[in-house]
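Trainee:
Protein chains: 2
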Amino acid sequence: MKIAELGEFGLIEYLTRNWSPGLVGDDAAWLPLPPGEQGPMLFTTDMMLEEVHFSRRFSSAYDIGWKAVAVNVSDIAAMGGEPWTAVISLGADSSWSVAELEELYAGMQAAAEIYGVVLAGGDTVKSRQGLILNLALTGWQRGPQPLGRDRARPGQLLAVTGPLGASAAGLAWLQAGGEGDCATQVGEAVTLHRRPRAQLAAGRWLAERQLATAANDISDGLAREVLEICTASGVGCQVEATAIPIHAGARSIARTLGKDALEWAFRGGEDFQLLFTCAEADWHQIETGLTALGCQPARIGRITPPEQGMRLLTEKGPEPWPAGGYDHFTGGKE
Amino acid sequence: MKIAELGEFGLIEYLTRNWSPGLVGDDAAWLPLPPGEQGPMLFTTDMMLEEVHFSRRFSSAYDIGWKAVAVNVSDIAAMGGEPWTAVISLGADSSWSVAELEELYAGMQAAAEIYGVVLAGGDTVKSRQGLILNLALTGWQRGPQPLGRDRARPGQLLAVTGPLGASAAGLAWLQAGGEGDCATQVGEAVTLHRRPRAQLAAGRWLAERQLATAANDISDGLAREVLEICTASGVGCQVEATAIPIHAGARSIARTLGKDALEWAFRGGEDFQLLFTCAEADWHQIETGLTALGCQPARIGRITPPEQGMRLLTEKGPEPWPAGGYDHFTGGKE
Numbered sequence: 001m002k003i004a005e006l007g008e009f010g011l012i013e014y015l016t017r018n019w020s021p022g023l024v025g026d027d028a029a030w031l032p033l034p035p036g037e038q039g040p041m042l043f044t045t046d047m048m049l050e051e052v053h054f055s056r057r058f059s060s061a062y063d064i065g066w067k068a069v070a071v072n073v074s075d076i077a078a079m080g081g082e083p084w085t086a087v088i089s090l091g092a093d094s095s096w097s098v099a100e101l102e103e104l105y106a107g108m109q110a111a112a113e114i115y116g117v118v119l120a121g122g123d124t125v126k127s128r129q130g131l132i133l134n135l136a137l138t139g140w141q142r143g144p145q146p147l148g149r150d151r152a153r154p155g156q157l158l159a160v161t162g163p164l165g166a167s168a169a170g171l172a173w174l175q176a177g178g179e180g181d182c183a184t185q186v187g188e189a190v191t192l193h194r195r196p197r198a199q200l201a202a203g204r205w206l207a208e209r210q211l212a213t214a215a216n217d218i219s220d221g222l223a224r225e226v227l228e229i230c231t232a233s234g235v236g237c238q239v240e241a242t243a244i245p246i247h248a249g250a251r252s253i254a255r256t257l258g259k260d261a262l263e264w265a266f267r268g269g270e271d272f273q274l275l276f277t278c279a280e281a282d283w284h285q286i287e288t289g290l291t292a293l294g295c296q297p298a299r300i301g302r303i304t305p306p307e308q309g310m311r312l313l314t315e316k317g318p319e320p321w322p323a324g325g326y327d328h329f330t331g332g333k334e
Numbered sequence: 001m002k003i004a005e006l007g008e009f010g011l012i013e014y015l016t017r018n019w020s021p022g023l024v025g026d027d028a029a030w031l032p033l034p035p036g037e038q039g040p041m042l043f044t045t046d047m048m049l050e051e052v053h054f055s056r057r058f059s060s061a062y063d064i065g066w067k068a069v070a071v072n073v074s075d076i077a078a079m080g081g082e083p084w085t086a087v088i089s090l091g092a093d094s095s096w097s098v099a100e101l102e103e104l105y106a107g108m109q110a111a112a113e114i115y116g117v118v119l120a121g122g123d124t125v126k127s128r129q130g131l132i133l134n135l136a137l138t139g140w141q142r143g144p145q146p147l148g149r150d151r152a153r154p155g156q157l158l159a160v161t162g163p164l165g166a167s168a169a170g171l172a173w174l175q176a177g178g179e180g181d182c183a184t185q186v187g188e189a190v191t192l193h194r195r196p197r198a199q200l201a202a203g204r205w206l207a208e209r210q211l212a213t214a215a216n217d218i219s220d221g222l223a224r225e226v227l228e229i230c231t232a233s234g235v236g237c238q239v240e241a242t243a244i245p246i247h248a249g250a251r252s253i254a255r256t257l258g259k260d261a262l263e264w265a266f267r268g269g270e271d272f273q274l275l276f277t278c279a280e281a282d283w284h285q286i287e288t289g290l291t292a293l294g295c296q297p298a299r300i301g302r303i304t305p306p307e308q309g310m311r312l313l314t315e316k317g318p319e320p321w322p323a324g325g326y327d328h329f330t331g332g333k334e
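Chains as they are written, first to last, in full-length UniProt numbering: chain A, 1 to 334; chain B, 1 to 334.
#1: Counting only Cβ pairs nearer than 7 Å, list the residues of chain B close to ASN134(A).
#2: Using alpha carbons as the reference points, say which of LEU15(B), LYS67(B), ALA28(B), ALA29(B) lies closest to ARG194(B).
#3: Could you pull the DSSP bridge partners for THR85(A) from this structure?
#4: Pick from LEU101(A), VAL52(A), SER74(A), ALA207(A): whose alpha carbon is nearest that of LEU15(B)?
#5: Which same chain residues end up closer than 6 Å to GLY180(B) when comparing Cβ atoms and leaving out the 5 residues on each side of it in sequence?
#6: Which chain A residues are close to LEU15(B), counting only those with a beta carbon under 7 Å from its beta carbon?
#7: Out of curiosity, what's the CA-to-CA distance linking LEU222(A) and ILE286(B)?
#8: Near GLU13(A), which residues of its chain fall below 6 Å by C-beta distance, leaving aside the five closest residues on each side in sequence?
#9: Let me know the secondary structure DSSP gives MET41(A) once reduced to three states.
#10: Compile a chain-ordered list of the residues in the UniProt domain "PurM-like C-terminal" (153 to 306) of chain B whose CB is closer than 9 Å to at least one CB of chain A.
#11: Under a three-way DSSP split, which group does ARG195(A) fall into?
#12: Residues of chain A with a CB under 8 Å from the CB of ASP63(B): which are they?
#13: In whole angstroms, what is the alpha-carbon distance linking ALA152(A) and ASP27(A)?
#14: Take the Cβ of PRO320(B) as the centre, count every other Cβ of all protein chains shown within 10 Å, and call the residue buried at 16 or more, exposed below.
#15: With 8 Å set as the bound, which would you pick, yes or no: does the beta-carbon of PHE43(A) sit closer than that to a beta-carbon of chain B?
#16: Below 8 Å on the Cβ atoms is my contact criterion, and I expect ALA212(B) with CYS278(B) to pass it. Report the Cβ-Cβ distance as a whole number of Å.
#17: Taking Cβ-Cβ distances shorter than 9 Å, what residues in chain B pair up with GLY130(A)?
#18: Does the CB of HIS328(B) have a neighbour CB from chain A at under 8 Å?
#19: For a minimum of 3 consecutive residues, which ranges assigned as the beta strand (DSSP E) are wholly contained in the stretch 138 to 220 of chain B?
#20: Please list, in chain order, the chain B residues whose beta carbon lies closer than 9 Å to that of LEU147(A).
#21: Can you pull the chain A residues whose beta carbon is under 7 Å from the beta carbon of GLY122(B), in chain order?
#22: When burial is assigned at 16 or more other CB atoms within 10 Å of the CB, is ARG267(A) buried or exposed?
#23: I think ASP46(B) touches LEU135(B), with their Cβ atoms under 8 Å apart; what is that distance to the nearest whole Å?
#24: Using a threshold of 8 Å, state whether the C-beta atoms of GLN185(A) and ALA248(A) are closer than that.
#25: Spell out the partners DSSP gives PHE276(B) in its beta bridges.
#26: Residues of chain B with a CB under 8 Å from the CB of TRP96(A): which are they?
#27: Once the 5 residues before and after VAL150(A) are set aside, which same chain residues still bring their CB inside 6 Å of it?
#28: How would you list, in chain order, the residues of chain A whose beta-carbon sits under 8 Å from the beta-carbon of ALA29(B)?
#29: Could you work out which residues of chain B lie near ALA92(A), taking near to mean beta carbons separated by less than 8 Å?
#30: Tell me SER238(B)'s beta-bridge partners as DSSP assigns them.
#31: Going straight from the alpha carbon of VAL117(A) to that of SER59(A), what length do you get?
#32: Name the chain B residues whose beta carbon is nearer than 8 Å to that of ARG138(A)?
#33: Could you tell me the distance, in whole angstroms, from the CA atom of GLY332(A) to the CA atom of VAL239(A)?
#34: Please check the pair ALA77(A) and GLY165(A), which I expect to be a contact at CB under 8 Å, by giving their CB distance rounded to whole angstroms.
#35: Taking the DSSP output, what are the residues bridged to SER60(B)?
#36: Would SER94(A) be called buried (16 or more neighbouring beta carbons within 10 Å of its own) or exposed?
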């Protein structure tokens with residue numbers, strides 16, 4: 001069997017099927033400390049490869065370092081925790097100068113300071129091709145329980161902490177030769193691609209008050225994240241396409257390039273907003289609280305009983321949610 | 001400045017020079033838990049790249065997975081701690097089949113069970129070239145203080161937990177077309193190359209009794225590890241070349257291939273025995289205790305005042321210890 005047949009997500013599931021249940025399959029592992037310790041501790045890791053996850057053509061070394069910290073912090077945010085300490089593995093080939101790596105570390109350090117992460121060491125190796133940057137991050141769960149994926153229930157709302165599509169739009173803009181150094185909405189989309197923001201305050205706020213029933217960070221596109229919550233919780237959903245908030249810069253870039261901004265929101269990924277579920281009765285409190293934290297929360301749909309399946313409500317009516325991704329946006333390509 | 005001018009060790013030091021002092025520069029970070037928690041926690045990471053750190057020509061996927069766990073556990077062993085939980089990042093290109101990756105994970109799981117490591121999740125990405133395997137491992141410090149590098153004092157003994165050179169010899173044997181599947185000393189060297197053993201019990205024993213004053217695991221060759229302890233402690237040393245215990249299989253392979261087994265011990269690396277310092281008065285107790293744990297401890301020299309420098313005592317008399325590596329063995333190359 002070739003890896004492509006399983007895909008990234010199938011592969012993780014397949015390879016870890018014998019591991020301790022409950023540890024694998026959320027944004028971060030949730031680890032009760034051994035007797036005598038307190039906790040629980042959260043533990044996550046993310047690997048970024050040059051020309052797979054980032055490119056020096058579109059991001060500075062500083063941006064790349066920043067992003068490595070932010071994407072890991074985002075996993076802790078999606079559990080409602082707070083980050084603690086990180087170790088870094090760096091693989092670099094001879095095309096990288098010491099000055100560039102210094103910039104990379106400065107970017108990591110700047111993001112670490114903002115998110116309260118202690119950089120605690122690591123490993124440096126010579127790579128055969130391009131830069132490899134891996135961060136592993138621990139965190140703490142302060143609320144009564146982490147924001148898992150498996151507690152969404154029919155009738156609850158499905159919501160996001162802010163507008164989507166900016167990161168993919170920003171990258172498309174750069175790939176089309178656009179500039180990103182202006183204080184415009186387009187420039188903000190480019191900045192969100194280069195230096196994503198982890199929704200740490202929002203995740204912590206939702207977890208401490210037990211207001212979210214389930215949560216994921218939107219690292220792989222809304223389509224994928226909704227699927228993960230529905231699968232883990234054993235529920236269906238109905239998402240209204242027109243309710244999905246699209247970043248203004250993404251709309252603007254889509255118009256200019258003749259692209260579909262909703263497609264970026266659904267599949268582009270790397271927005272790092274949080275997707276969460278909550279009781280409808282709590283929505284007003286959530287909207288007020290998250291807005292006060294600087295978020296732009298939006299309801300995008302509702303959790304339904306499992307027998308109703310996952311559906312996207314468009315102007316043409318409800319459409320099914322293909323398991324492997326959503327064909328509607330790509331004309332069947334996936 | 002190019003990376004090669006600094007080298008691996010200089011690069012880490014350079015890039016992390018602004019980080020919190022005390023965190024960086026040992027086998028694992030030593031992290032006091034936040035108020036209310038207990039601890040301290042240890043945290044380490046190691047990245048292994050195909051054709052840099054391992055080759056499918058000489059190791060099975062199972063071996064490679066095993067090794068990724070063992071090398072990280074070895075860092076915890078060198079602190080005198082016990083390992084707790086690990087996250088794994090895997091990058092694979094299309095030359096790797098699912099069956100091979102399954103073997104890799106089975107090897108990780110087998111080593112994890114032996115060393116008491118909880119595998120807790122990770123990240124899987126597509127690489128552009130070869131396999132990338134990163135483990136990050138946390139652990140606990142149970143003794144009063146970890147086995148650092150900076151507490152070696154003049155007059156103390158320098159010792160190792162067992163014979164050296166096996167891993168490098170085993171690799172040389174495989175590279176020369178030799179087989180490793182026999183129950184001989186040569187076969188044992190090959191096995192130690194493929195599935196190194198972390199000296200967890202020895203490290204814990206030395207730390208709990210506070211018998212070692214400083215320790216390192218021998219991952220980068222004895223020459224490098226002694227240098228690290230002497231530099232961190234601000235001391236010199238005198239190592240007797242004839243006292244360095246050489247693995248019997250390494251001796252046998254060296255004879256057959258016309259190589260120098262002492263060179264493998266000094267520079268080969270990946271032996272994962274512990275190098276440690278201790279009071280001479282404690283040596284009898286240490287020798288007895290470690291032998292009871294299945295180790296073959298050996299005194300190899302003595303810590304000296306810093307003004308005496310680092311010296312290797314050979315049959316020709318004392319020789320200086322070059323900072324960048326030991327020229328004696330490479331005829332001035334390096």
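Even glycine gets a Cβ: it sits at the ideal position worked out from N, Cα and C.
Mentor: Let me lay it out:
#1: If you number the first sequence from 1, residue 134(A) lands on position 134. Chain B residues near ASN134(A): MET47, SER89, ASN134.
#2: Within the second sequence, the letter at position 194 stands for residue 194(B). The shortest C-alpha separation from ARG194(B) is found at LYS67(B).
#3: Within the first sequence, the letter at position 85 stands for residue 85(A). Paired residue(s): VAL118(A).
#4: In the second sequence, the residue the question calls residue 15(B) occupies position 15. Checking every option, the nearest Cα to that of LEU15(B) belongs to LEU101(A).
#5: Residue numbering aside, residue 180(B) sits at position 180 when the second sequence is read from its first letter. Taken in chain order, the residues that qualify are GLY187, VAL190.
#6: Counting from 1 along the second sequence, the entry for residue 15(B) is found at position 15. In chain order: LEU101, GLU102, TYR105.
#7: Numbered from 1 along the first sequence, position 222 holds the residue referred to as residue 222(A). Numbered from 1 along the second sequence, position 286 holds the residue referred to as residue 286(B). In a straight line, the C-alpha of LEU222(A) is about 59 Å away from that of ILE286(B).
#8: Within the first sequence, numbered from 1, the residue matching residue 13(A) stands at position 13. Around GLU13(A): no qualifying Cβ.
#9: Numbered from 1 along the first sequence, position 41 holds the residue referred to as residue 41(A). In the structure shown, MET41(A) sits in a strand (DSSP, three-state: E or B).
#10: none
#11: Taking the first residue of the first sequence as position 1, residue 195(A) is located at position 195. Correct three-state label for ARG195(A): coil.
#12: As a position in the second sequence, residue 63(B) is number 63, starting the count at 1. In chain order: nothing, as chain A lies at least about 17 Å away.
#13: Mapped onto the first sequence, residue 152(A) falls at position 152. Mapped onto the first sequence, residue 27(A) falls at position 27. Spanning the two alpha carbons is a distance of roughly 16 Å.
#14: Your numbering for residue 320(B) matches position 320 in the second sequence. By the neighbour-count rule (16 or more Cβ atoms within 10 Å), PRO320(B) is not buried but exposed.
#15: The sequence position of residue 43(A) within the first sequence is 43, counting from 1. Yes, because at least one Cβ of chain B sits closer than 8 Å to the Cβ of PHE43(A).
#16: Working through the second sequence from its first residue, we reach residue 212(B) at position 212. Working through the second sequence from its first residue, we reach residue 278(B) at position 278. Right, their Cβ atoms sit about 5 Å apart.
#17: For the purposes of this step, residue 130(A) is taken as residue 130 along the first sequence, with counting starting at 1. Near GLY130(A) (Cβ distances below 9 Å), the residues of chain B are ARG128, GLN129.
#18: Translated into positions along the second sequence, residue 328(B) becomes position 328. Annotation note: pLDDT 30 at HIS328(B) (below 50); position unreliable, no value reported.
#19: 157 to 160, 212 to 217
#20: Position 147 of the first sequence, counting from 1, holds the residue named residue 147(A). Ordered by position in chain B, no residue passes the 9 Å Cβ test against LEU147(A), which lies about 16 Å from the chain.
#21: Numbered from 1 along the second sequence, position 122 holds the residue referred to as residue 122(B). The answer, in chain order, is THR45.
#22: Counted from its first residue, the first sequence places residue 267(A) at position 267. Burial call: buried.
#23: On the second sequence, residue 46(B) is found 46 positions in, with the first residue counted as 1. On the second sequence, residue 135(B) is found 135 positions in, with the first residue counted as 1. Contact holds; Cβ gap of about 6 Å.
#24: Here residue 185(A) refers to the residue found at position 185 when the first sequence is read from its first residue. Here residue 248(A) refers to the residue found at position 248 when the first sequence is read from its first residue. In contact: GLN185(A) and ALA248(A) (Cβ atoms closer than 8 Å).
#25: Here residue 276(B) is taken as the residue at index 276 of the second sequence, counted from 1. Looking at the DSSP assignment, PHE276(B) forms a beta bridge with ALA159(B), ALA215(B).
#26: As a working note, residue 96(A) is residue 96 in the first sequence. Those within 8 Å of TRP96(A) in chain B are ILE3.
#27: For the purposes of this step, residue 150(A) is taken as residue 150 along the first sequence, with counting starting at 1. In the sequence on display, residue 150(A) carries Asp and not Val. Around ASP150(A): ALA232, SER233.
#28: Residue numbering aside, residue 29(B) sits at position 29 when the second sequence is read from its first letter. Correct list: THR85, VAL87, ALA120, GLY121.
#29: Looking up residue 92(A) in the first sequence gives position 92. Ordered by position in chain B, the residues that pass the 8 Å Cβ test against ALA92(A) are ILE3.
#30: To locate residue 238(B), count along the second sequence from 1; it is residue 238. For the sequence presented, residue 238(B) should be read as Gln rather than Ser. For GLN238(B), which the question treats as bridged, DSSP gives the partners ARG302(B), ARG311(B).
#31: Here residue 117(A) refers to the residue found at position 117 of the first sequence. Here residue 59(A) refers to the residue found at position 59 of the first sequence. So the two alpha carbons sit approximately 22 Å from each other.
#32: Walking along the first sequence from the start, residue 138(A) turns up at place 138. Reading off the sequence, residue 138(A) comes out as Thr, not Arg. In chain order: MET41, PHE43, THR138.
#33: What you label residue 332(A) is simply residue 332 of the first sequence in a count that begins at 1. What you label residue 239(A) is simply residue 239 of the first sequence in a count that begins at 1. Since pLDDT at GLY332(A) reaches only 35, below the 50 mark, its modelled position is unreliable, and no value is offered.
#34: Numbered from its first residue, the first sequence carries residue 77(A) at position 77. Numbered from its first residue, the first sequence carries residue 165(A) at position 165. Not quite, the Cβ-Cβ distance comes to about 19 Å (not below 8 Å), so this is no contact.
#35: In the second sequence, counting from the first residue as 1, residue 60(B) sits at position 60. In DSSP, SER60(B) forms no bridge with anything.
#36: The count along the first sequence starts at 1 and reaches residue 94(A) at position 94. Exposed, by the Cβ-count rule.
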